[in-house]
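Reading through the structure tokens given below for one structure.
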């Protein structure tokens, strides 16, 4: 199974947000696509 969603990541600390906040305070936010892969039979 593959799941992906759009997010915004801070270049300085790696924090991710669902919306582009105006001022993150530690670095600029960059649009990214987060992809999660789940293998069958693995819990």
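Numbering (UniProt numbering), first residue to last: 1 to 43. Virtual Cβ for every residue (Gly too), placed ideally from N, Cα, C.
Along the beta strand (DSSP E) that carries residue i, what are the first and last residues, could you check?
{"i": "residue 7", "result": "2-10"}
Any idea which residues DSSP pairs residue i with across the strands?
{"i": "residue 31", "result": "8"}
{"i": "residue 16", "result": "9"}
For a test of the three-state rule: what should DSSP assign to residue i, helix, strand or coil?
{"i": "residue 39", "result": "coil"}
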